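J.: My questions all concern the structure below.
Chains as they are written, first to last, in our numbering: chain A, 5 to 241; chain B, 114 to 487.
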């Protein structure tokens, strides 16, 4: 590839960086100002695919580069959910053909029960449950549920926001698979689940302090504390 | 009249593992026993926890790729495939057909290798010494193909985000065809040793029964789910790579709505046959062409959003949730490990069985502790 087109796209990468670095922590809403609305995912990505690196045409119109962004998701299921649980369903979006929505914590259990039932799409399969930590947001934890429906052959991603010390209702009574998955989230993030049958650490030893997948977890400090307590010297490093 | 017990009626709690040859690694199972019968169990895991998900946050997208090989270390190719595809999906990148079919061939070879390792050790656990020598003989052939392709046998790091680093070597197609012709006969050999063997039937039939509704409730996937009669495979339900362009069947167990250890054994053997079918079709469709898609050297996916991508690994549904913040490092990578989730159903399957059957049940779930603990 020639040097000519590459240079502007690199400079553009620099411009974009500070803007995008601040935003993901701030708001879950779409963050890029890409003027070109794209059909997310789908079979036609080559047109906008190589978002990251040197692509000559991108140099011509700088804002087009971060073109990938979620589209609003409309479906009968969302309408039904919004009708049944007014105010509890926020931001139904679809990104790369993957729909997701945010559920208010208070309505999580009824929403999940509805989704599991026949009329709610028979999402009987909780593929995964995990969390993502955004320490700068007012509610730092985003709990993510991956649901799957055999009937519809369809995946759905639920998100629940929880702040530090806020309890999240456990889904273990609805999908037994959540038992260990929630224990892992508790272990790694310190999210406490309400109504969980056996909430204790699963991968780390019981006497472990801290929750390592939090962004502010610092293994070095913890190591030092252990050395000071157990070996009586100042630091092991 | 009260029931007469000659032994101390108190419940006995014993630890099986973490150093036990039949737990396939460092699984510790706390068994509650009534005599020799299991009345309850608890799996204690984490002995092999290396913080893979935390490591991901401190590496670039490409740098993290070799780490995923260390999770399910007997099926590194499928691990890498899942991760590369997840990042490609996040980027919206497409990879050329030659790379897709190469990935499929290697992934199916890896599935066979993983099932062979499982079959050999599972039979060994149950007292059949011979199969392990047979299965390792064929597994060696597969590992030799891997070694010729990318220089490594186990932790291969075979794929790159965007396609392949190496094109196929001369004679790859020939070797793979030779292997697939030879291998079907070898499956018959294993079947001669086990399928109608009376001891094998006694040890596996009606042991570790898992009902289909329990399997779904516990999110069990892979051969364990199919052994329980649920015809579901990620490759069919939500095809990735070019799995929608090849023909293969999804084998299920003998029963409607439930399955035992023997069902899962049959399912895995049938799966190996299907893998050979896929490999044969994929080799025919290998055309010369590019092996790398339009992915730059610096990977910066769009910020603030995530994708979940799942593939059918030999153990079940292996999923990656990759969250991007627009930098070169992933903000978070979550691995949905099939072994971890499947192991949760162990307690359900073990209750009421004898200690000796616990060995069979651990074996039949086919866990790899590197993936359970990550």
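C-beta: ideal position from N, C-alpha, C; glycine also. Since we're looking at a predicted model, the values are computed, not measured.
In this structure, how does DSSP classify residue 372(B) when only helix, strand and coil are distinguished?
T.: Looking at residue 372(B) - three-state DSSP - the assignment turns out to be strand.
J.: Mark residue 54(A) as exposed unless 16 or more other C-beta atoms lie within 10 angstroms of its C-beta, in which case mark it buried.
T.: Confidence is the limiting factor: at residue 54(A) the pLDDT is only 42, short of 50, which leaves the residue's position unreliable and the question unanswerable from this model.
J.: Report the residues of the segment 159 to 181 of chain B with a CB closer than 7 Å to any CB of chain A, ordered along the chain.
T.: Listed by position, the residues of the segment 159 to 181 of chain B near chain A (Cβ gap below 7 Å) are 159, 162, 164, 166 and 167.
J.: Using the rule of at least 16 other Cβ atoms within 10 Å of the residue's Cβ for burial, across every protein chain shown, is residue 129(A) buried or exposed?
T.: So residue 129(A) ends up on the buried side.
J.: How many Å lie between residue 320(B) and residue 337(B) at the Cα?
T.: Each residue's alpha carbon lies about 13 Å from the other.
J.: Is the segment 79 to 96 of chain A touching the segment 129 to 138 of chain A, taking contact as three or more C-beta pairs under 8 Å?
T.: Judged by Cβ distances under 8 Å, the segment 79 to 96 of chain A makes no contact with the segment 129 to 138 of chain A, as fewer than three pairs qualify.
J.: Assign residue 298(B) to one of three DSSP states: helix, strand, or coil.
T.: In this structure, residue 298(B) counts as helix in the three-state DSSP scheme.
J.: Where do the N-terminal and C-terminal ends of the alpha helix (DSSP H) with residue 234(A) fall, by residue?
T.: Run containing residue 234(A): 223 to 235, per the alpha helix (DSSP H) assignment.
J.: In the DSSP assignment, the beta strand (DSSP E) including residue 194(B) goes from what residue to what residue?
T.: Not the beta strand (DSSP E): residue 194(B) falls in the alpha helix (DSSP H), residues 189 to 204.
J.: Listing by chain order, which chain B residues have their CB less than 8 Å from the CB of residue 179(A)?
T.: Near residue 179(A) (Cβ distances below 8 Å), the residues of chain B are 330 and 332.
J.: Pairing CB atoms from the segment 445 to 457 of chain B with CB atoms from the segment 176 to 186 of chain A, are three or more of them under 8 Å?
T.: Contact holds: three or more Cβ-Cβ distances are below 8 Å.
J.: So, for residue 378(B): in the same chain, excluding its five sequence neighbours on each side, which residues have a beta-carbon less than 7 Å away from its beta-carbon?
T.: 317, listed in sequence order.
J.: Apply the 10 Å Cβ neighbour rule to residue 264(B) and answer buried if 16 or more other Cβ atoms are within range, or exposed otherwise.
T.: It counts as exposed.
J.: Can you give me the C-alpha to C-alpha distance between residue 184(B) and residue 349(B), rounded to a whole angstrom?
T.: Going by the C-alpha atoms only, they are around 24 Å apart.
J.: Count the CB pairs spanning the segment 263 to 278 of chain B and the segment 211 to 220 of chain B that are closer than 8 Å, and state whether there are at least three.
T.: The segment 263 to 278 of chain B, when compared against the segment 211 to 220 of chain B, does touch it at the 8 Å Cβ threshold.
J.: Taking a contact to mean a Cβ-Cβ separation below 9 Å, would you say residue 481(B) touches residue 199(B) in this structure?
T.: No; because the gap between Cβ atoms is not below 9 Å, this pair is not in contact.
J.: Sorted by chain position, which residues of the same chain lie with C-beta nearer than 6 Å to residue 388(B)'s C-beta, five sequence neighbours on each side aside?
T.: These residues qualify, in order along the chain: 221, 224 and 225.
J.: Name the DSSP bridge partner or partners of residue 199(A)?
T.: Bridge partners of residue 199(A): none, in fact.
J.: State whether the segment 253 to 269 of chain B contacts the segment 325 to 343 of chain B, with contact taken as three or more CB pairs (one from each stretch) at a distance under 8 Å.
T.: The segment 253 to 269 of chain B, when compared against the segment 325 to 343 of chain B, does not touch it at the 8 Å Cβ threshold.
J.: In whole angstroms, what separates the C-alpha of residue 390(B) from that of residue 197(B)?
T.: If I take the Cα positions, the gap works out to 24 Å.
J.: Considering Cα atoms alone, identify which of 124(B), 145(B), 443(B) and 137(B) is closest to residue 468(B).
T.: Closest option to residue 468(B), Cα to Cα, is 145(B).
J.: So what's residue 163(B) in DSSP terms, helix, strand or just coil?
T.: The answer is coil: DSSP assigns residue 163(B) none of H, G, I, E or B.
J.: In chain B, what lies closer than 9 Å to residue 230(A) by C-beta?
T.: Within chain B, no residue comes near residue 230(A); the closest Cβ sits about 16 Å away, beyond 9 Å.
J.: Which same chain residues end up closer than 6 Å to residue 179(B) when comparing Cβ atoms and leaving out the 5 residues on each side of it in sequence?
T.: So the list reads 270, once near-sequence residues are dropped.
J.: From the beta carbon of residue 421(B), is the nearest beta carbon of chain A less than 9 Å away?
T.: Closer than 9 Å to some Cβ of chain A, the Cβ of residue 421(B) qualifies, so yes.
J.: Hey, quick one: how far does the alpha helix (DSSP H) through residue 192(A) stretch, first residue to last?
T.: 182 to 193 is the span of the alpha helix (DSSP H), which, as asked, contains residue 192(A).
J.: Evaluate the contact criterion for the segment 390 to 404 of chain B versus the segment 345 to 363 of chain B: three or more CB pairs, one atom per stretch, below 8 Å.
T.: Contact holds: three or more Cβ-Cβ distances are below 8 Å.
J.: Could you please give the first and the last residue of the uninterrupted beta strand (DSSP E) stretch that includes residue 128(B)?
T.: Start and end: 125 to 129.
J.: If you measure beta-carbon to beta-carbon, which residues of the segment 205 to 232 of chain A are closer than 9 Å to chain B?
T.: Taking 9 Å as the Cβ-Cβ cut-off against chain B, the residues of the segment 205 to 232 of chain A that qualify are 205, 206, 207, 208, 209, 216, 217, 219, 221 and 223.
J.: What's the call for residue 239(B), buried or exposed, on a 16-neighbour Cβ count within 10 Å?
T.: Buried: at least 16 other Cβ atoms inside 10 Å.
J.: Roughly how many angstroms separate the alpha carbons of residue 172(B) and residue 168(A), rounded to a whole number?
T.: About 27 Å.
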